[in-house]
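Take full-length UniProt numbering: the final residue in the sequence shown is number 595, and no numbers are missing along the way. Note that the Cβ used here is the ideal one computed from N, Cα and C, for glycine as well. Note that the structure is predicted; figures quoted are calculated from it, not measured.
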Amino acid sequence: MLSMVKRALSKRHAPLLWLLLAFGFIGLAYLSQQRLHQFHYDQEIKQSQESSRFYKASLLASMRRYDYLPTVLSSNNELFSLAANDPDLANQKLLTIQQRSQADAVYILNTDGITIASSNAGTPTSFMGRSYDYRPYFKEAITEGKGNFYGVGATTAVPGLFVSSRYPLDLSKPAKAVVVVKINLQPLLDNWLSGTDTVFVSNDNGVLVLSSNHSWLYKTLGDIPTEQLQSIKAQQQFANEPLTRLDLAEQDQITIVKLDGARYIRTIVEVASEIGIQGWTLQHLTPYKTITDKTFSDWTKIIALLLAAVAILLAIRFKNTRAELKTSRGESSQLRELNLSLNHEIIERKQVEAELTKAQIDLRRTSKLTAMGQLSASITHELGQPLSAMRNYIATLQLSTAKNGDSRSDKTLGKLLSLVERMTNVTHQLRYFARSGDKEVHRIKLNNTITGALSVTQPAILEAKVILKIDSPDTPVYIVAGEIRMEQVLINLIQNAIHAMQGCEDKRLDICIAQTDTSAVMSVSDTGHGISESTLKELFEPFYSTKPSGIGMGLGLAISSNIVTEVGGTLTAENLDTGGARFLVTVPLANDDSK
């Protein structure tokens with residue numbers, strides 16, 4: 001038996017142990033996932049930074065390759081002399097320079113911005129005779145000596161980087177011409193497009209001038225001010241491109257962005273200061289899915305190892321459990337029988353306790369009502385005849401004073417008569433407990449009790465300025481009870497409701513009759529101050545009242561409760577969520593054969 005108890009105690013702790021192991025497994029899995037995610041996140045950030053430096057270096061190499069050329073050409077006086085005097089020979093020299101340097105085009109503008117010599121002279125897209133005075137690279141070269149500009153070619157519609165230099169280089173001397181070298185960055189873009197990385201370069205207006213995604217070219221990172229848009233159009237920088245906004249949004253931190261519905265890790269590198277073009281930045285994007293995929297792959301491997309370890313532990317546990325089960329099967333049967341016996345005993349004791357408690361409550365109430373009945377009989381007997389005699393004496397004196405014209409005495413006698421009437425009403429209430437009375441019951445219409453009760457309480461309702469609402473079904477609701485006694489119940493409830501609404505601005509009284517499959521329900525609701533929790537417990541006890549002394553004896557609800565109980569029903573009270581209280585009278589429906 002002792003071994004059985006020990007095993008039972010150990011089994012009691014087994015669920016807790018397995019629960020702790022489960023939480024530990026979940027915690028370890030979550031922690032490993034977080035660690036793996038952070039590790040791969042850091043690795044991708046590092047890789048993105050390295051890739052950004054690589055792309056920056058390739059961009060700078062492509063752009064710096066021709067930095068020397070405009071300056072060297074500006075130092076060649078013979079070239080500019082030929083451009084002014086022998087354009088054909090100048091065009092041949094510029095073509096040779098273009099072919100040897102592998103620049104996209106080399107041309108010379110006069111001080112009015114008109115091309116006077118060009119390496120592509122004689123071709124369908126020749127620059128000869130065309131004016132480019134609106135281009136920033138021309139204006140900067142004239143005023144500052146050098147210029148840089150990236151845009152779509154106004155003549156060829158081919159985008160490129162335009163690098164310019166004035167002639168002569170000495171800013172103290174007046175400008176005579178500007179030499180321009182156009183660099184085609186398409187080979188660089190081809191390398192970007194053939195790769196798997198996502199990278200783009202934006203200018204000072206946030207327009208993507210270079211991108212590994214061709215569909216993103218000339219998209220914008222944000223809204224461009226109207227003044228800047230007008231400047232871009234005047235410079236014909238991007239031809240007729242619409243410059244629509246790229247669907248890029250920053251997330252909780254600057255390194256995470258959302259683009260076209262996908263999340264990316266972003267690395268930003270500034271390149272403007274090194275290429276001489278203001279506002280240029282390079283951004284490298286790494287799909288966030290790369291991190292989640294790597295994290296999930298590694299995490300599943302760890303989970304597999306953990307599950308394998310758990311499977312081994314479960315196998316060991318299962319083997320031990322089977323061994324224990326064989327040795328404890330007989331003892332567990334005894335334990336089940338003992339447990340069932342104990343449960344039955346507990347249930348029986350609870351039932352006995354509940355019945356005893358109810359019997360004690362009923363006994364106290366019955367004793368109280370019995371004692372009150374005896375007391376009420378004595379009081380009504382002792383006070384009945386004296387009160388009748390006093391009423392007769394007062395009436396006689398009122399006749400006498402009326403003849404003598406003594407109004408003062410007549411008022412005093414009126415007050416005495418009012419007091420006698422109040423005492424008589426008290427004895428009438430007590431008479432309910434002093435005798436069984438007329439308790440004959442028969443089949444009645446519960447709907448009719450409203451009419452009878454209102455014939456008594458209507459003056460009080462009007463005087464208190466209470467708004468009355470009655471909700472009674474058109475079809476009769478039949479119960480077995482005494483009609484006068486049910487009217488008395490409703491009268492008491494209406495009078496209590498009127499008293500409860502004293503001092504309230506909103507005075508509404510709702511009387512409703514409804515029925516279920518087996519019961520009739522009559523409710524009386526008010527908008528008064530409600531009922532406290534302590535009052536609810538004692539509400540239907542005799543002589544319990546919340547009214548001031550002299551207003552009532554606290555017998556109305558006790559009488560009403562007894563009347564309803566005698567016909568097999570219940571009288572309950574509850575507070576409404578909207579304020580006020582509701583009393584519910586629930587009585588069994590009459591059978592069709594009830595008389």
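Below 8 Å on the Cβ atoms is my contact criterion, and I expect residue i with residue j to pass it. Report the Cβ-Cβ distance as a whole number of Å.
i: Phe127; j: Ser164; result: 13 Å between Cβ atoms; not a contact.
i: Arg582; j: Val489; result: That belief does not hold up - the Cβ atoms of Arg582 and Val489 are roughly 15 Å apart, past 8 Å.
i: Ile559; j: Asn496; result: About 12 Å; that fails the 8 Å criterion.
i: residue 671; j: Gly579; result: It is not possible to answer for residue 671, since the shown part of the chain is limited to 1 through 595.
i: Glu44; j: Ile291; result: 5 Å
i: Ile183; j: Asp104; result: 6 Å
i: Thr295; j: Leu36; result: 5 Å
i: Ala464; j: Ile498; result: 5 Å
Nearest by alpha-carbon distance to residue i: which of the options is it?
i: Gln99; options: Lys233, Asp471, Ser118; result: Ser118
i: Leu185; options: Gln33, Pro159, Ile450; result: Pro159
i: Phe238; options: Thr196, Arg349, Arg135; result: Arg135
i: Thr286; options: Gly153, Glu270, Asp293, Arg266; result: Arg266
i: Thr244; options: Leu259, Gln236, Ile224; result: Ile224
i: Glu270; options: Thr255, Val201, Asn320; result: Val201
i: Thr535; options: Cys504, Ser48, Thr572, Asn562; result: Thr572
i: Ala590; options: Gln502, Pro476, Ile511; result: Pro476
i: Gln236; options: Asp133, Arg166, Lys326, Pro174; result: Asp133
i: Leu416; options: Leu584, Asn404, Met390; result: Met390
i: Gly195; options: Lys326, Asp104, Phe54, Asp592; result: Phe54
i: residue 639; options: Ala262, Lys219, Gln502, Thr226; result: It is not possible to answer for residue 639, since the shown part of the chain is limited to 1 through 595.
i: Asp88; options: Ser58, Asp112, Gly122, Arg64; result: Gly122
i: Tyr150; options: Asn91, Trp280, Ile26; result: Trp280
i: Gln38; options: Asp293, Arg322, Asn404, Asn392; result: Asp293
Cutting at 6 Å between CB atoms, please list the residues of its own chain near residue i, excluding the five before and the five after it.
i: Leu2; result: With a pLDDT of 45 at Leu2, under the threshold of 50, the modelled position of that residue is not reliable, and the figure given next carries that caveat. Hits under 6 Å: none found.
i: Leu342; result: none
i: Ser436; result: The pLDDT assigned to Ser436 is 49, lower than 50, so where the model puts this residue is not dependable; a value taken from the coordinates is nonetheless given after this. Within the same chain, Ser436 has no close Cβ partners at all.
i: Ile302; result: Ser32
i: Gly569; result: Thr586, Val587
i: Leu9; result: Because Leu9 carries a pLDDT of 46, less than 50, the predicted location of this residue cannot be relied on, and no value is offered for it.
Are residue i and residue j close, meaning C-beta to C-beta below 8 Å?
i: Leu60; j: Glu250; result: no
i: Ala141; j: Val178; result: yes
i: Val441; j: Val564; result: no
i: Gln278; j: Ile268; result: no
i: Ser131; j: Ile114; result: yes
i: Ile479; j: Ala520; result: yes
i: Tyr66; j: Val181; result: yes
i: Leu557; j: Leu576; result: no
i: Leu217; j: Leu246; result: no
i: Trp192; j: Ser212; result: yes
i: Thr125; j: Thr155; result: yes
i: Ile494; j: Thr518; result: no
i: Gln228; j: Asn205; result: yes
i: Leu188; j: Ser48; result: no
Excluding the five sequence neighbours on either side, which residues of its own chain have a C-beta within less than 8 Å of the C-beta of residue i, listed in chain order?
i: Ile467; result: Lys507, Arg508, Leu509
i: Leu169; result: Thr71, Ser74, Ser75, Gly145
i: Thr29; result: In the sequence as displayed, the identity of residue 29 is Ala instead of Thr. Counting only Cβ-Cβ distances below 8 Å, and skipping sequence neighbours, we find Trp299, Ile302, Ile303, Leu306.
i: Tyr264; result: Thr198, Ile256, Val257, Lys258, Leu285, Thr286, Pro287, Tyr288
i: Leu248; result: Leu221, Val257, Lys258, Leu259
i: Gly550; result: For Gly550, the predicted model reports a pLDDT of 49, less than 50, meaning its position is unreliable and no value from the coordinates is stated.
Go through its chain and collect everything with a Cβ distance to residue i's Cβ below 7 Å, but skip five positions before and after it.
i: Asn110; result: Ile116, Ala177
i: Ala481; result: Val441, Ile444, Val567, Val587
i: Leu171; result: Gly145
i: Ser472; result: Asn447, Ile450, Ile513
i: Ala500; result: Asp526, Gly528, His529, Ala581
i: Leu413; result: Ile394, Leu397, Gln398, Thr401
i: Glu541; result: Ala558
i: Lys56; result: Val269, Val271, Leu282
i: Leu584; result: Val521, Ser523, Thr572
i: Arg485; result: Ile563
Is the shortest distance between the beta-carbon of residue i and the beta-carbons of chain B less than 8 Å?
i: Leu188; result: No chain B is part of this structure, which consists of one protein chain only.
Hey, is the stretch 224-237 in contact with the stretch 306-314, meaning 3+ C-beta pairs nearer than 8 Å? At 8 Å Cβ cutoff, the stretches do not touch.
Count the C-beta pairs between the stretch 78-90 and the stretch 293-307 that are closer than 8 Å, then say yes if the count reaches three, no if not. no
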